[in-house]
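5 is the number of the first residue of the sequence shown in the working numbering; add one for each residue after it. By construction, the Cβ of each residue, glycine as well, lies at the ideal position given by its N, Cα and C atoms. This one's a predicted model, so the numbers in the text were calculated from it and none came from an experiment.
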Amino acid sequence: MSDPIRIAILGASGYTGAELIRLLDTHDRAELAILTADRRAGQTLAAVFPHLASVKAPPLVAIDDVTDWSGVDVVFCCLPHATTQAVIAGLPEHLKIVDLSADFRLADTEEYARWYGGPHKAPELQKTAVYGLTELARPEIAAARLVANPGCYPTGPHLALAPLIESGLIEPDGIIIDAKSGVSGAGRAAKEGLLHGEVSEGIHAYGVASHRHSPEIEQALSKAAGRTVRASFTPHLMPMNRGILCTMYVQAHAGADAATLLAKLAVRYQGEPFVKVLPTGTTPHTRHVRGSNLCLIGAVDDRVPGRVILVSVIDNLVKGAAGQAVQNMNVMFGLPETAGLALQPMFP
C-alpha cells in the first residue's frame, strides 16, 4: 500500500472543514494529522460534528499551538478571508497548500485591496499562487505549491463561459450572471441575517453590483478573452442549505445557438468525471448535484434572437469548495482526480 498523505485542516470546525473531513474519509491515501479550530480547541471531532463520529481524527487544537509540521504533507486552509495570507506565509516550504479563502484568488494585489478593504499581506507569495479551477488549469496545479481554490459562485460560470469565450462563440461583453445560493455559502458563524426566521419563505438579492466574487469572475472571463471583460453579477440567497444555480445570459456569434454552444462544451469536457453537459433545451436543478462534486451545464435559446441562456449548478460545499479542493490535492500529488470524490448526488 502506498504511503498515506498526511493532512492538516486549518479552520476545521466550519462547513467546508466538515465537508473536507467527510470526503477525505473515503480517500484511500488520506490521513488526518492536524485539525485546528481555535474556539473548539481541545474538543473531539465527534463533539463538534456528531455526524462524523466514526471518522478517525485527532482532537482539535488552536492553530498557534501547532509547532511541528514535519508530519504533514498538505494543508487545507479554511480560515476567514484576510487572515490566511500571514498564516500561509509562515508555513514550512515543504508543505503543499490548498487555500479555500479568497486571499490568493486575485492575481492583482491592488485589486484585492480594493475589494477586501486592506493591503495584501503576502504579495510575493501571491505571485506563486495558481488559481485552481481544476478542469481549466491542470498543468499549473500539478506543478504548484500553493493553489487558490476558486470561490463557489465563480466556479459554474467559469466552466460554462470560459471555453465559449475562448472559441469566439459568444460575445465577452454584456454577460449577465444571475446566481442563487443556499445559506451554507455564508459560513457557520452565527449571523442575524441567516436565522431561520430571516431566510425561510423568501429570497433576496445581496451584494448587488458590489459582491466580492465579481472581480474573480471577471478575472477568468478576461483571461479567456485576452482583454478586460466586465460582467453583471447578482447573487441571491435562497432558503435551502446547499447548492448554487447560475443563469447566464449571453450573445452568441455568427449564427451560433444553444446547440452550438453545448456541442463546444461537450467536446471541451469530454471524459471529465465531474463536468457534465446536458442535452439542448434541458436545464439542471441544484438537487441533481447535492452532495456531489458535479457541475451540470444546460442551455436554451432565448426568445431574443441571437441570445442564449446557460444554466449551471453545483453543490457550493463540494465542487464550490471542499470537493474541488480535494480534486486539486489529487492533481498536486499525481493521484486519480476521483479519489475521495466518487460520490453520487443525494436524492431527495
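Anticipated Cβ contact below 8 angstroms, residue i with residue j, distance rounded
i	j	result
Gln255	Ile174	6 angstroms
Lys188	Asn245	Residue identity check: residue 188 is Ser in the sequence provided, not Lys. The pair is a contact, with the Cβ atoms about 5 angstroms apart (cut-off 8 angstroms).
Leu27	Gly344	5 angstroms
Gln348	Ser316	Wrong, their Cβ atoms sit about 19 angstroms apart, outside the cutoff.
Cys209	Leu198	Correcting the residue identity first, residue 209 is Ala in this sequence and not Cys. Rounded, the Cβ-Cβ distance is 16 angstroms, inconsistent with contact.
Leu249	Ala235	About 17 angstroms; that fails the 8 angstroms criterion.
Gly160	Ile318	5 angstroms
Arg272	Phe351	About 27 angstroms separates the two Cβ atoms, so there is no contact after all.
Phe36	Ala57	Looking at the sequence provided, one finds Leu at residue 36 rather than Phe. With a Cβ gap of about 14 angstroms, Leu36 and Ala57 do not count as contacting.
Trp20	Leu300	A small fix is needed here, since residue 20 is Thr in this sequence, not Trp. Actually they do not touch by this definition, with Cβ atoms about 21 angstroms apart.
Met242	Lys184	5 angstroms
Val59	Ile25	6 angstroms
Ile221	Ile181	7 angstroms
His162	Tyr120	20 angstroms between Cβ atoms; not a contact.
Identity of the residues DSSP links to residue i by a beta bridge
i	result
Cys156	None; Cys156 has no bridge partner.
Arg311	Gln255
Val279	Cys299
Val79	Ala12 and Ile101
Ala183	Pro239 and Cys250
Ile169	DSSP lists no partner for Ile169.
Ala213	Bridge partners of Ala213: none, in fact.
Val65	Thr40
Asp305	Val312
His208	Leu241
Val2	The question about residue 2 has no answer here: the residues shown for the chain are numbered 5 through 352.
Phe134	Before going further, note that residue 134 is Val rather than Phe in the sequence given. For Val134, which the question treats as bridged, DSSP gives the partners Val151.
Residue i, DSSP secondary structure in three states
i	result
Ser105	coil
Lys268	helix
Val70	coil
Ala41	coil
Ile92	helix
Ser296	coil
Thr48	coil
Ser236	strand
Ser218	helix
Val203	helix
Glu175	coil
Ala34	strand
Ala263	helix
His162	helix
His55	helix
Ser188	helix
Val226	Here residue 226 is Ser; the residue named in the question, Val, does not match the sequence. Three-state result, Ser226: helix.
Leu321	coil
Leu150	strand
Tyr19	helix
Tyr116	helix
Glu341	coil
Pro353	Here the chain has residues from 5 to 352 only, and residue 353 is not among them.
Arg26	helix
Inter-residue Cα distance where the pair is residue i and residue j
i	j	result
Leu140	Arg10	27 angstroms
Ala117	Pro123	5 angstroms
Val91	Val79	11 angstroms
Pro54	His31	20 angstroms
Gly211	Thr238	7 angstroms
Asn332	Cys156	15 angstroms
Asp68	Thr40	9 angstroms
Asp72	Ala267	51 angstroms
Gly338	Ala34	14 angstroms
Ser17	Glu23	10 angstroms
Gly325	Leu95	Reading the sequence as shown, one finds Ala at residue 325 and not Gly. Roughly 22 angstroms separates the two Cα atoms.
Leu298	Gln328	10 angstroms
Ser218	Ala346	31 angstroms
Asp177	Leu269	19 angstroms
Asp77	Asn334	12 angstroms
Gln47	Ala66	11 angstroms
Thr125	Gln89	At residue 125 the sequence reads Lys, which differs from the Thr that was named. If you take the alpha carbons of Lys125 and Gln89, they lie about 6 angstroms apart.
Leu64	Asp305	51 angstroms
Gly285	Ala45	51 angstroms
Asp42	Gly186	26 angstroms
Ala147	Pro340	16 angstroms
Leu110	Gln223	8 angstroms
Glu97	Lys323	27 angstroms
His200	Ala93	38 angstroms
Glu115	Pro143	26 angstroms
Asp112	Pro167	23 angstroms
Cutoff 8 angstroms: residue i Cβ touching any chain C Cβ
i	result
Glu23	Absent here is chain C; the protein component of the structure consists of one chain.
Proximity test, residue i beta-carbon vs the ligand SAH heavy atom, cut-off 7 angstroms
i	result
Asp177	Among the components modelled here there is no ligand, and therefore nothing to report on the ligand SAH.
Checklist entry - With contact counted as at least three CB pairs below 8 angstroms, one residue from each stretch, are the stretch 310-326 and the stretch 257-269 in contact? => result yes
Checklist entry - Would you say the stretch 129-138 touches the stretch 281-290, given that touching needs at least three Cβ pairs under 8 angstroms? => result no
Checklist entry - Contact between the stretch 36-52 and the stretch 101-108: three or more CB pairs below 8 angstroms? => result no
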